[in-house]
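Student:
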């Protein structure tokens with residue numbers, strides 16, 4: 001299944017995500033993107049498993065999904081939204097962070113959690129986009145941030 005449309009928005013599966021953004025294992029941090037409304041918002045899904053390589057060292061006695069990777073998952077979800085908004089000409093382009101503002105981590109995320117990354121486009125001008133994002137586990141806010149990114153050719 002490439003993608004489908006539901007009453008809430010478009011669903012983009014992992015095969016389509018791989019076409020849209022250049023990230024690959026072990027740094028691809030979004031398994032599916034749902035509720036995509038081009039030019040407005042999207043929800044990225046990251047299924048956190050104990051098999052993630054960073055859990056060996058972060059932390060062996062209490063595995064915690066690194067906060068910086070939550071921010072990266074927010075950025076990857078936003079990149080999928082940008083490509084969906086701009087169309088096929090944007091596929092495979094790189095999206096670089098320009099700033100991360102008002103970032104807050106509320107609760108730890110660990111193996112077995114499903115991270116739901118709600119991304120909202122605040123504005124765009126040219127190739128610069130600004131987003132607001134919230135990451136939730138089972139409906140509970142675990143992290144939030146506003147950030148800006150620039151989309152460029154490789």
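In UniProt numbering, the protein residues as written are 1 to 154.
Every residue, glycine too, gets a C-beta built ideally from N, C-alpha and C.
1. Roughly how many whole angstroms lie between the Cα atoms of residue 9 and residue 81?
2. Do the CB positions of residue 63 and residue 111 come within less than 8 Å of each other?
3. Label residue 101 either buried or exposed according to how many other C-beta atoms from any shown protein chain fall within 10 Å of its C-beta, with 16 as the threshold for buried.
4. With burial defined as no fewer than 16 other Cβ atoms inside 10 Å of the residue's Cβ, what is the status of residue 44: buried or exposed?
5. Touch check for the segment 121–135 and the segment 71–90: three-plus C-beta pairs under 8 Å?
6. Rank 125, 73 and 137 by C-alpha distance to the C-alpha of residue 151 and give the top, closest one.
Tutor: With the given structure in hand:
1. Translated into the one-based positions of the chain shown, residue 9 becomes position 9. Translated into the one-based positions of the chain shown, residue 81 becomes position 81. Residue 9 and residue 81 have their C-alpha atoms some 12 Å from each other.
2. By one-based count along the chain shown, residue 63 stands at place 63. By one-based count along the chain shown, residue 111 stands at place 111. Yes, these two residues count as a Cβ contact at 8 Å.
3. The count along the chain shown starts at 1 and reaches residue 101 at position 101. Exposed.
4. Working through the chain shown from its first residue, we reach residue 44 at position 44. The residue is buried, with at least 16 neighbouring Cβ atoms inside 10 Å.
5. Touching, yes, given that three or more Cβ pairs across the two stretches are closer than 8 Å.
6. On the chain shown, residue 151 is found 151 positions in, with the first residue counted as 1. If we check each option's Cα against that of residue 151, 125 comes out closest.
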